[in-house]
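J.: Chains as they are written, first to last, in the numbering used here: chain B, 1 to 132; chain A, 1 to 132. Where a beta carbon is used, it is the ideal one built from N, C-alpha and C, also for glycine.
There are 2 protein chains.
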Amino acid sequence: MKYLEKLRNSGLRPTKQRLQICEVLFDTEKTFHFTINDLANKIKKQLNNKISLATVYNTVHAFEKKGYLKQIPINSNQTYFDTNISDHHHFYDLKEEKLIDLDNSDVGPINILKKINGKKIKSVEVLVKLED
Amino acid sequence: MKYLEKLRNSGLRPTKQRLQICEVLFDTEKTFHFTINDLANKIKKQLNNKISLATVYNTVHAFEKKGYLKQIPINSNQTYFDTNISDHHHFYDLKEEKLIDLDNSDVGPINILKKINGKKIKSVEVLVKLED
DNA sequence: ACACCTTTTTAGAACCATTATAAAGTAGAT
DNA sequence: ATCTACTTTATAATGGTTCTAAAAAGGTGT
Numbered sequence: 001m002k003y004l005e006k007l008r009n010s011g012l013r014p015t016k017q018r019l020q021i022c023e024v025l026f027d028t029e030k031t032f033h034f035t036i037n038d039l040a041n042k043i044k045k046q047l048n049n050k051i052s053l054a055t056v057y058n059t060v061h062a063f064e065k066k067g068y069l070k071q072i073p074i075n076s077n078q079t080y081f082d083t084n085i086s087d088h089h090h091f092y093d094l095k096e097e098k099l100i101d102l103d104n105s106d107v108g109p110i111n112i113l114k115k116i117n118g119k120k121i122k123s124v125e126v127l128v129k130l131e132d
Numbered sequence: 001m002k003y004l005e006k007l008r009n010s011g012l013r014p015t016k017q018r019l020q021i022c023e024v025l026f027d028t029e030k031t032f033h034f035t036i037n038d039l040a041n042k043i044k045k046q047l048n049n050k051i052s053l054a055t056v057y058n059t060v061h062a063f064e065k066k067g068y069l070k071q072i073p074i075n076s077n078q079t080y081f082d083t084n085i086s087d088h089h090h091f092y093d094l095k096e097e098k099l100i101d102l103d104n105s106d107v108g109p110i111n112i113l114k115k116i117n118g119k120k121i122k123s124v125e126v127l128v129k130l131e132d
């Protein structure tokens, strides 16, 4: 089973439901953005199987904690996740309410000059809002 | 009344409640970050007066739409606003769950190389997550 | 000051994403 | 197969935000 490692590392047993979630999340060329609801619907349609929301929430959060998924910092009523865990950024099209990936190489190097006493930088995320 | 302009521009009449919200938001040297609840509590404590949540929400959103307040893009169960509307960024201390301003001058110039067809850049916001 | 009409405030209900719960089901070890 | 701990599930609870409709306040003309 190709997802065993991700599940094990996240402290999750490989159950049928979790493997199906993995299939939808990770068995694809392209990375994508999603909300919990998006994901639950995708599973239902793509695998013709309903997984309870609680399970989806738990699994997604376990993956997020281990870095197999990333939360996208944006103000919305729903939380957006990204299967693209490489260091990158986002456009947010305000009109269409859609996220677009922005590779690190498409943003000049970012140098944070200010230091905070006793703290390390964990991540630097850029959100570029777009209008017409 | 010193807040007339902000209220007028936001399409709001200068009522007692709205002027009190202005007082707490804008009558201070330092800018600050807040949630709607923070603000309602601050008004209650500072002015010894309770303003209904609905009014606070309406007024804050009207100011935000006109650019007198900024939403801070961050994943949280509550929405964070900033009275600092200058072009700037944020640290987010994950442990303390606290936001810290990061001046534009403390971040090297950011150059977005990728262009999106027919869209203009409205804002570029950087969130720097901090850990111990 | 008064009457009239519009806007605003308010308390509470509604909404909805997320989290908690607890009972039934499943996995893995022995 | 049995036992125990972990999982799934439907459903309830939570909590921030939005909606509602009735009461209050503002603005205007007389």
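Quick one: list the residues of chain B neighbouring VAL60 of chain A, beta-carbon separation under 7 Å, in chain order.
T.: Neighbours of VAL60 of chain A on chain B: none; closest Cβ ~13 Å, over 7 Å.
J.: Assuming VAL56 of chain A and LYS42 of chain A form a contact by the criterion Cβ under 8 Å, report the distance between their Cβ atoms to the nearest whole angstrom.
T.: Not confirmed; about 10 Å, so no contact.
J.: At a CB distance below 9 Å, what residues from the segment 90-115 of chain B approach chain A? Give them in sequence order.
T.: Taking 9 Å as the Cβ-Cβ cut-off against chain A, the residues of the segment 90-115 of chain B that qualify are PHE91, TYR92, ASP93, LEU94, LYS95, ILE100, LEU102, ASP103, SER105, ASP106, VAL107, GLY108, PRO109, ILE110, ASN111, ILE112, LEU113 and LYS114.
J.: With a Cβ-Cβ cutoff of 9 Å, do SER10 of chain B and LYS66 of chain B count as a contact?
T.: Closer than 9 Å, so yes.
J.: Counting only C-beta atoms, is GLN71 of chain A closer than 9 Å to chain B at any point?
T.: So yes, GLN71 of chain A belongs to the interface.
J.: If we call anything under 9 Å between Cβ atoms a contact, is HIS90 of chain A one with VAL128 of chain A?
T.: It is a contact, given that the beta carbons lie within the stated cut-off.
J.: In chain order, what residues of the same chain have a beta carbon less than 6 Å from the beta carbon of LYS6 of chain B, not counting five sequence neighbours either side?
T.: Here the set comprises TYR68.
J.: Is the CB of ASP132 of chain B under 9 Å away from at least one CB in chain A?
T.: Yes, contact with chain A.
J.: Is the Cβ of SER123 of chain B closer than 9 Å to any Cβ of chain A?
T.: Interface residue, yes.
J.: Find the nearest neighbour of LEU53 of chain B within the set B:ASP38, B:LEU99 and B:THR31, judged by alpha-carbon distance.
T.: Per the Cα distances, B:ASP38.
J.: Hey, how far is the Cα of LYS119 of chain B from the Cα of ASP132 of chain A?
T.: Rounded to the nearest angstrom, the two C-alpha atoms are 5 Å apart.
J.: On the DSSP letters alone, give me the boundaries of the beta strand (DSSP E) that GLN71 of chain B sits inside.
T.: Per DSSP, GLN71 of chain B belongs to the beta strand (DSSP E) from 70-72.
J.: Taking the alpha carbon of VAL126 of chain B as the point to measure from, which residue in B:PHE26, B:GLU96, B:ASP101 and B:ILE116 has its own alpha carbon closest?
T.: Nearest option by C-alpha distance: B:ASP101.
J.: Just to confirm my understanding: we take ILE110 of chain B, look at its own chain, exclude 5 residues before and 5 after, and list those with CB closer than 6 Å. What are they?
T.: Result list for ILE110 of chain B: VAL124, in chain order.
J.: Counting only beta-carbon separations shorter than 9 Å, does THR79 of chain A have a partner in chain B?
T.: So, interface residue.
J.: State yes or no: is the beta carbon of LYS129 of chain A nearer than 9 Å to at least one beta carbon in chain B?
T.: So, interface residue.
J.: Would you mind telling me which residues of chain A sit closer than 8 Å to GLY67 of chain B, beta carbon to beta carbon, in chain order?
T.: Simply none; closest approach about 13 Å.
J.: Determine the chain B residues that contact ILE85 of chain A at a beta-carbon separation under 9 Å, and present them in chain order.
T.: Simply none; closest approach about 15 Å.
J.: Going by DSSP, what residue range makes up the beta strand (DSSP E) through GLU125 of chain B?
T.: Its beta strand (DSSP E) spans residues 120-131.
J.: Any beta carbon of chain B sitting closer than 9 Å to that of LYS30 of chain A?
T.: No, LYS30 of chain A lies away from the interface with chain B (no Cβ there is under 9 Å from its Cβ).
J.: Is ASP87 of chain B helix, strand or coil when you go by DSSP?
T.: Looking at ASP87 of chain B - three-state DSSP - the assignment turns out to be coil, as it is neither helix nor strand.
J.: What does ASN75 of chain A touch in chain B if you count any residue whose Cβ is under 7 Å from its own?
T.: Going along chain B in sequence order, the residues near ASN75 of chain A (Cβ under 7 Å) are GLN71, PRO73 and THR79.
J.: Can you name the start and end residues of the alpha helix (DSSP H) that ASP38 of chain A belongs to?
T.: Run containing ASP38 of chain A: 36-47, per the alpha helix (DSSP H) assignment.
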